[in-house]
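J.: In the working numbering, the protein residues as written are 1 to 275. Positions of the beta carbon are idealized from the N, C-alpha and C atoms, including for glycine. Being a predicted model, the structure only gives us computed values, none of them experimental.
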Amino acid sequence: MITGIFRQVWRSGLAAVCGLPLMLAPALAAPCGNDASGFAAWLPAFKREAQAQGIRPTALRALDGVTYDTTVIRLDRNQKHFKMSFEQFAANRISSGRISRGKQKLKQYASTLARIEQRYGVPGEVLVAIWGLETDYGVNQGKMSIMRSLATLSYDCRRSGFFTAQLLDALRIYQHGDLTLDEMRGAWAGEIGQTQFLASSYVKFAVDFDGNGRADLVRSAPDVLASTANYLRGHGWRAGAGWGPGEPNYQALLGWNKAEVYAKTIGLFARKLRN
Numbered sequence: 001m002i003t004g005i006f007r008q009v010w011r012s013g014l015a016a017v018c019g020l021p022l023m024l025a026p027a028l029a030a031p032c033g034n035d036a037s038g039f040a041a042w043l044p045a046f047k048r049e050a051q052a053q054g055i056r057p058t059a060l061r062a063l064d065g066v067t068y069d070t071t072v073i074r075l076d077r078n079q080k081h082f083k084m085s086f087e088q089f090a091a092n093r094i095s096s097g098r099i100s101r102g103k104q105k106l107k108q109y110a111s112t113l114a115r116i117e118q119r120y121g122v123p124g125e126v127l128v129a130i131w132g133l134e135t136d137y138g139v140n141q142g143k144m145s146i147m148r149s150l151a152t153l154s155y156d157c158r159r160s161g162f163f164t165a166q167l168l169d170a171l172r173i174y175q176h177g178d179l180t181l182d183e184m185r186g187a188w189a190g191e192i193g194q195t196q197f198l199a200s201s202y203v204k205f206a207v208d209f210d211g212n213g214r215a216d217l218v219r220s221a222p223d224v225l226a227s228t229a230n231y232l233r234g235h236g237w238r239a240g241a242g243w244g245p246g247e248p249n250y251q252a253l254l255g256w257n258k259a260e261v262y263a264k265t266i267g268l269f270a271r272k273l274r275n
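Okay, here's the thing in structure tokens:
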């Protein structure tokens with residue numbers, strides 16, 4: 001999980017996406033609100049609209065008892081502009097310990113990463129770099145309820161359209177059986193799993209690479225790594241091309257995170273893992 005100031009790098013990309021016109025998200029009759037007072041009335045209205053869009057009543061039980069989360073709203077309102085230079089950011093994020101653990105992961109999952117690269121064209125060191133930067137290889141995935149966070153942000157008027165779409169996709173993940181409700185915990189804005197996918201990205205790019213019938217980005221490292229590769233390929237990654245600034249795959253890294261300091265840090269970390 002990108003915590004503190006490092007989350008603000010990713011958030012710069014989210015803010016741009018969240019500024020999309022609301023017509024791009026499903027139109028819901030449930031009225032939004034700017035405090036907790038209307039949430040109890042909003043929730044059943046949202047459930048009715050979600051059911052009309054294919055969410056089954058059994059899946060909608062995931063929202064039973066969900067309450068408005070003031071912590072999520074506080075975190076949303078208190079985002080700060082990111083001002084750290086690439087050199088500062090990279091030095092802070094690419095520690096010797098993280099490099100060492102990353103090289104261990106490359107060895108541990110060598111055969112899996114080779115199969116992933118054959119299928120998606122993304123080298124293992126790039127995937128492991130992202131894995132390490134996002135959650136320290138799955139250690140820090142976040143502990144907040146995805147359903148509660150997304151319900152709060154869907155109800156909140158500031159970016160209701162964007163987060164309503166995310167909540168519907170989170171319900172689809174649960175309905176499909178990829179994650180249990182207990183597993184659906186993550187960051188305050190709804191990022192899920194070991195490389196912190198938004199629910200919409202999960203639905204579009206998550207892969208069941210270990211073949212157990214679930215695309216599990218919380219517990220399955222093969223699924224995590226393959227899904228991350230699938231995401232990058234979906235954002236223009238070209239097998240065999242470079243990923244530094246000005247090279248073909250740099251834009252795919254910016255598709256992962258719109259902050260250039262973050263994209264550059266992924267590339268630098270990957271090179272250190274390769275050497």
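1. Roughly how many angstroms lie between the CA atoms of Asp-35 and Ala-50, to the nearest whole one?
2. Taking just the CA atoms, how far does Leu-150 sit from Gln-166?
3. Taking the C-alpha atoms as reference points, what is the distance between Asp-178 and Ser-200?
4. How would you label Asp-182, buried or exposed, when you count the other beta carbons within 10 angstroms and need 16 or more for buried?
5. Starting from Asn-92, trace the alpha helix (DSSP H) in both directions and tell me its first and last residue.
6. Given a cut-off of 8 Å on the beta-carbon distance, is the pair Gln-124 and Arg-98 in contact?
7. Give a yes or no on whether the C-beta atoms belonging to Leu-153 and Arg-159 are separated by under 8 Å.
8. If distances are taken between C-alpha atoms only, which option among Val-126, Ala-215, Asp-223 comes closest to Gly-240?
9. To the nearest angstrom, how far is it from the Cα of Ala-25 to the Cα of Ser-100?
10. Which word fits Asn-257, buried or exposed, when buried means at least 16 other C-beta atoms lie within 10 angstroms of its C-beta?
11. Measure the C-alpha to C-alpha separation of Phe-269 and Ala-229 and round it to an integer number of angstroms.
T.: On the basis of the supplied data:
1. Within the sequence shown, the letter at position 35 stands for residue 35. Within the sequence shown, the letter at position 50 stands for residue 50. One C-alpha to the other measures close to 22 Å.
2. Counting from one through the sequence shown, the residue named residue 166 turns up at place 166. Counting from one through the sequence shown, the residue named residue 150 turns up at place 150. Roughly 7 Å separates the two Cα atoms.
3. Indexing the sequence shown from 1 puts residue 178 at position 178. Indexing the sequence shown from 1 puts residue 200 at position 200. Answer to the nearest angstrom: the Cα atoms are 14 Å apart.
4. On the sequence shown, position 182 is the one that residue 182 refers to. The residue is exposed, with fewer than 16 neighbouring Cβ atoms inside 10 Å.
5. Your numbering for residue 92 matches position 92 in the sequence shown. Residues 86-93.
6. Stepping through the sequence shown from its first residue, residue 124 is reached at position 124. Stepping through the sequence shown from its first residue, residue 98 is reached at position 98. Note that residue 124 is Gly in the sequence shown here, rather than Gln. Cβ distance not < 8 Å, so Gly-124 and Arg-98 don't count as in contact.
7. Translated into the one-based positions of the sequence shown, residue 153 becomes position 153. Translated into the one-based positions of the sequence shown, residue 159 becomes position 159. Yes, the Cβ-Cβ distance between Leu-153 and Arg-159 is below 8 Å.
8. Here residue 240 is taken as the residue at index 240 of the sequence shown, counted from 1. Checked all of Val-126, Ala-215, Asp-223; the closest Cα to Gly-240 is Val-126.
9. Here residue 25 refers to the residue found at position 25 of the sequence shown. Here residue 100 refers to the residue found at position 100 of the sequence shown. The pLDDT assigned to Ala-25 is 49, lower than 50, so where the model puts this residue is not dependable; a value taken from the coordinates is nonetheless given after this. Approximately 42 Å, taken between the alpha carbons.
10. For the purposes of this step, residue 257 is taken as the residue at position 257 of the sequence shown. Per the 10 Å Cβ criterion, buried.
11. Looking up residue 269 in the sequence shown gives position 269. Looking up residue 229 in the sequence shown gives position 229. Going by the C-alpha atoms only, they are around 16 Å apart.
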